[in-house]
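Numbering of the sequence shown is given in the working numbering, commencing with residue 30 and proceeding in unit increments.
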Amino acid sequence: MNTTASQPVSGTPWSPEYERLTIHCSSCPTCTAVDKEGANLARPCAEGRRVSAEYRQSRRGG
30 MNTTASQPVS
40 GTPWSPEYER
50 LTIHCSSCPT
60 CTAVDKEGAN
70 LARPCAEGRR
80 VSAEYRQSRR
90 GG
């Protein structure tokens, strides 16, 4: 069983949309903002919302 963090269990590469989403949301100061206890504030920026919508649309096949 493949447990590599960079690929899904099936061994197929991540989709380009998923890669854009993870790269953006892991590096954007707005998307990664946390409160004083360290909990994510869940406040994506405009670009985060756009790449998230793009990823969701790709999962639907369109």
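We put the CB at the ideal spot given by N, CA and C, even for glycine.
When the Cα atoms are used, Ala75 and Cys60 turn out to be separated by approximately 10 Å.
Val80 has no beta-bridge partner at all, per DSSP. Annotation for Glu48: the continuous alpha helix (DSSP H) segment containing it runs 45-56.
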